[in-house]
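Trainee:
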Amino acid sequence: MAEEKNTEVSVPELGKTAEERPKWDNKVQYLLTCIGFAVGLGNVWRFPYLCQTYGGGAFLIPYIIALIFEGIPLLHMELAIGQRLRQGSIGVWNSISPFLGGVGIGSLIVSFLVGLFYNTILAWVLWYFFHSFQDPLPWRDCPLNQNKTGYIEECAKSTPVNYFWYRETLNVTPNITDNGDLQWWMVICLASAWGIVYICFIRGIETIGKAVYVTATFPYLVLTIFLIRALTLPGATEGLVYLFTPKVQVLKDPKVWLDAATQIFFSLSLAFGGLIAFSSYNPQKNNCERDAVIVGVINSATSIYASIPIFAILGFKATSNYNDCLDGNILSITNAFNIGDQNVTRENYDSWLKHLNTTHSQELEDLHLKHCNLQEFLDQSASGTGLAFIVFTEAVIKMPGSQVWAVLFFVMLFSLGLSSMFGNLEGILTPLLDLHVVPKWLPKEAFTGLICLISFLFALIFTMGSGNYWLEIFNNYVGSLPLLIIAFFEIISVVYIYGIGRFSDDIEWMTGRRPNLYWQATWRVISPGMLLVVFLAYIVVQVQQPATYAAWNPNYINFPMTEALDYPGWVFAICILLSSVPCIFIPIVALYRFIQWIMRRVHQSQNRNPCENHAYEPELQ
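Under the numbering used here, the first residue of the sequence shown is numbered 113, with each subsequent residue one higher.
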């Protein structure tokens, strides 16, 4: 009887709609989809960068703490509430309280905005993939100028890799106020990326459930191939030592704890609504606690696993650049002082340099030898697009069979991004379908195509000359603060409005056991406390640091370094707007519902029969 009562209380009017709800073919499809959504590009190009920045192995300490006390508890909560209420993000929070409908709307908007720029990155990946079949790779050498008398000046002043990225791919403008034209090759790649997403998503979980067998597993195959190859490259050891050498003193820096907390939060794709939507297709008698632990652990293990081949290859790149630097200096020395090549080698270079500095200091100074330091080459790492499209592509051209490695790398990136796009699109479509806002005469496949078409048209802004600058704005201001706020309201809503006791009853009914002390403590106090601290720290950091962006300007005095420019006032206003729009719906919907409630009370008061005794107030619907 207790279970029957719990079912009636906890599940608000499931009825026929829930019974007809699509279901996963099997548990493997569901787990692969959740893992594919959580494991994305950030695991490959942001986590290794943070490890390198904050002392290698030392960064794992705050990262694991954030995983245990923030990431996995929030992941469990989203999977459990979606599975129990069997609705998308808007439907779930409306069911808990009509005042909370804005939380679901916020998740929907974030998923839409993030999908715009995330799929643009996939368009860039496609562009590089198409060019990876050329021999030699097009970013290996600088193109000749119009007169065929030398290399194009911009490329000669920077590097072929930089030139191919900034000029051949983006055709980037010197600043964000100069929009430039639409780049037709990027428009084609963007249309192709959205077309692939649509084909995979055309029938919802029926098609993505099949696609994830490839998109969620193929990256691990490629990472393993890269791992085996990378560990055999010269210099791989230096890269791994650089990555995993702990610098415990960095733990005194509060920023390392902030970055660890935000990385685990965004890496698990929390607050997007996609995880809630995916779990809503589960049978209610499913162990969501075990699912949360599996997805959370695999996601973090993937980040560490991906860091090994990435930094082994970066170590190879740094060693190659260091040797090239030495060889260039050795050639200059042997030519200037008529020393035989066999006499000056990499092994005795330092002793020769010391000797010549003593005997021929002025002549040596006139050679303007390059400063060769392996540690400095190792320091030249990057995150985000810089790692994928500049640092890694430069390393690939130094590897035997570079075309094969380039193809594998960009197919891996596309698979990672495609799996994440499934979650973003699910976070948009499922709430809209659950709310029945789609006309009955419009097939689901057509509605999905309409969403993809609208997204493509909006994303054309990223194919302009200034598109890269706008993409960075969306990445920094949409995929950060709004998610923290939404997640905070999610956990407060479940614990203190839905009720932790009621939620625990639901989990016990679904899994067969009640949440233990760890889950209770994290949900009640630790996780919301960490979210609040991270939110406040994020605000403080943003206030203290001026809003700037890195501009690629060939006329910059320190070119090829990027030029740090302040955002114009109107652009900064857009940044604030992008951070505010998803969150503003939380108070707007609550206020709208409150006004509805007041109006209903007034209407009931005006139509009340004074002869009747009203012993209760109607519930807010």
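We put the beta carbon where it would ideally sit given N, CA and C, even for glycine.
(1) Of all the options Tyr393, Thr470, Ile445, Glu506, which has the alpha carbon lying nearest to the alpha carbon of isoleucine 425?
(2) Among Tyr275, Tyr393, Gly216, whose alpha-carbon lies nearest the alpha-carbon of phenylalanine 384?
(3) Can you tell me which residues form a DSSP beta bridge with aspartate 678?
(4) Are tyrosine 661 and tyrosine 679 closer than 8 Å when you measure CB to CB?
(5) Here's the rule: buried if 16 or more other CB atoms are within 10 angstroms of the residue's CB, otherwise exposed. What is glutamate 602?
(6) If you follow the alpha helix (DSSP H) that arginine 402 is in, where does it begin and where does it stop?
(7) So which of Phe171, Glu266, Leu370 has the shortest CA-CA distance to proline 666?
(8) Tell me, please, which residues DSSP counts as bridged to leucine 294.
(9) Quick one: what's got a C-beta closer than 7 Å to phenylalanine 183's C-beta in the same chain, skipping five residues either side?
(10) Give me, in chain order, the residues of the same chain whose beta-carbon lies closer than 7 Å to that of alanine 727; leave out the 5 immediate sequence neighbours on both sides.
(11) Roughly how many angstroms lie between the CA atoms of alanine 323 and phenylalanine 534, to the nearest whole one?
(12) My output table needs one value for tyrosine 166: the three-state DSSP class, helix, strand or coil.
(13) Here's the rule: buried if 16 or more other CB atoms are within 10 angstroms of the residue's CB, otherwise exposed. What is serine 463?
(14) By the 10 Å Cβ neighbour count, where 16 or more other Cβ atoms means buried, how is isoleucine 710 classified, buried or exposed?
(15) Buried or exposed: where does tyrosine 630 fall if 16 or more other Cβ atoms within 10 Å of its Cβ makes it buried?
(16) Cutting at 6 Å between CB atoms, please list the residues of its own chain near leucine 690, excluding the five before and the five after it.
(17) Inspect the CB distances between the stretch 396 to 406 and the stretch 623 to 640 and report whether three or more fall short of 8 Å.
(18) At which residues does the alpha helix (DSSP H) containing serine 527 begin and terminate?
(19) Run the CB neighbour count on methionine 673, radius 10 Å, all protein chains shown included, and call it buried at 16 or more, exposed below.
(20) Once the 5 residues before and after cysteine 301 are set aside, which same chain residues still bring their CB inside 6 Å of it?
(21) Hey, out of Leu355, Ala659, Val334, whose CA is closest to valine 516's CA?
(22) What is the DSSP secondary structure of tyrosine 354, counted as helix, strand or coil?
(23) Return yes when the Cβ of phenylalanine 211 is within less than 8 Å of the Cβ of alanine 702, no when it is not.
(24) In angstroms with no decimal places, state the Cα-to-Cα distance between phenylalanine 671 and histidine 480.
(25) What first and last residue would you give for the alpha helix (DSSP H) that runs through tryptophan 464?
(26) Quick one, which of Gln716, Ser219, Ser201, Ile573 has its alpha-carbon nearest aspartate 290's?
(27) Out of curiosity, what's the CA-to-CA distance linking alanine 685 and leucine 583?
(28) Could you name the residues that DSSP lists as bridge partners for tyrosine 263?
(29) Does DSSP put cysteine 312 in a helix, a strand or coil?
(30) Let me make sure I understand the geometry here. Which of Leu228, Lys367, Asn287, Thr349 has the alpha-carbon closest to that of glutamine 657?
(31) Quick check on this structure: which residue in Asn455, Ile698, Tyr581 has the alpha carbon closest to the alpha carbon of valine 683?
(32) The alpha helix (DSSP H) spanning leucine 191 covers which residue range?
(33) How about isoleucine 320 and serine 201: are their beta carbons less than 8 Å apart?
(34) How long is the line joining the alpha carbons of lysine 556 and lysine 135, rounded to whole angstroms?
(35) Take tyrosine 354 as the anchor and find which of Gly561, Ile563, Thr165 has the nearest alpha-carbon.
(36) Please say whether tryptophan 251 and isoleucine 509 have beta carbons closer to each other than 8 Å?
Mentor: Walking through what the data contain:
(1) Glu506
(2) Gly216
(3) Thr660
(4) yes
(5) buried
(6) 400 to 449
(7) Glu266
(8) Met576
(9) Reading off the sequence shown, one finds glycine at residue 183, where the question assumed phenylalanine. Excluding positions up to five away in sequence, the list reads Ile376, Phe377, Leu380, Gly408.
(10) For alanine 727, the predicted structure reports a pLDDT of 45, less than 50, and the residue's modelled location is therefore unreliable. A value from the coordinates is still provided. The answer is none, since no qualifying residue turns up.
(11) 10 Å
(12) coil
(13) exposed
(14) exposed
(15) exposed
(16) Tyr589, Val590
(17) yes
(18) 514 to 546
(19) exposed
(20) Ala235, Leu238, Trp239
(21) Val334
(22) helix
(23) yes
(24) 19 Å
(25) 461 to 471
(26) Ile573
(27) 16 Å
(28) Leu256
(29) helix
(30) Lys367
(31) Tyr581
(32) 184 to 197
(33) no
(34) 16 Å
(35) Thr165
(36) yes
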